[in-house]
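Structure record follows, encoded as structure tokens.
Numbering (the working numbering), first residue to last: 1392 to 1586.
As structure tokens, this is what we get:
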């Protein structure tokens, strides 16, 4: 089964059962010691695009928001890992310059929201296992809005990330993530997806 390592802020690493390594929005924390097959950069803000932290394997690929959002949202297939671009937007994030994604890996569906607030098309994201949602309340949703989004989404679990600019995690703030789907991970914590 795939594993997810939460590195802190909006950064995390997903490893498939057969060892394909995917980093999302590299910037924070530790755990960059494993070479990457894929790096996903949801947008070019400096707290999401520090690809220098990651060593690419031979043949490794960096997928930037423009690769998943050309005229329409695109689907990227890497060794049977399917990554579908979806919108990401709010007053601080132009939808032309940002993207979220839905990833299918080892039979698990993950919605990586990137930096966004609620938008109506979220209701069409179906059969998700995990939703990874930004919650800082400054540049993105706050905890209350993220809680409502988690309840709206067709997902089993919702993981709050990107809680406080400049910090990996906020122990006090995360208490306001009020949804029955909440799965709170601390930086450095790794879980087996679907377990």
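Ideal Cβ placement from N, Cα and C applies to all residues, glycine included.
In the three-state reduction of the DSSP assignment, residue 1421 falls in the coil class, being assigned neither a helical nor a strand state. Between the beta-carbon of residue 1420 and that of residue 1578 there is about 5 Å, and that keeps the pair under the 8 Å contact cut. Secondary structure at residue 1580: coil, using DSSP grouped into helix, strand and coil. Your pair residue 1551 and residue 1537 checks out as a contact, with CB atoms roughly 6 Å apart and the cut at 8 Å.
In the three-state DSSP reduction, residue 1480 falls in the coil class, being neither helix nor strand. DSSP places residue 1522 inside the beta strand (DSSP E), whose first and last residues are 1519 to 1525. Taking residue 1567 as the centre and dropping the five residues before and after it, the same chain places the C-beta of 1534 closer than 6 Å to its C-beta, in chain order. Taking all protein chains in view, the Cβ of residue 1529 is surrounded by fewer than 16 other Cβ atoms within 10 Å, so the residue is classified as exposed. If you look at residue 1428, you'll find it isn't in any alpha helix (DSSP H); it sits in the beta strand (DSSP E) that goes 1427 to 1432. For residue 1457, the three-state secondary structure derived from DSSP is helix.
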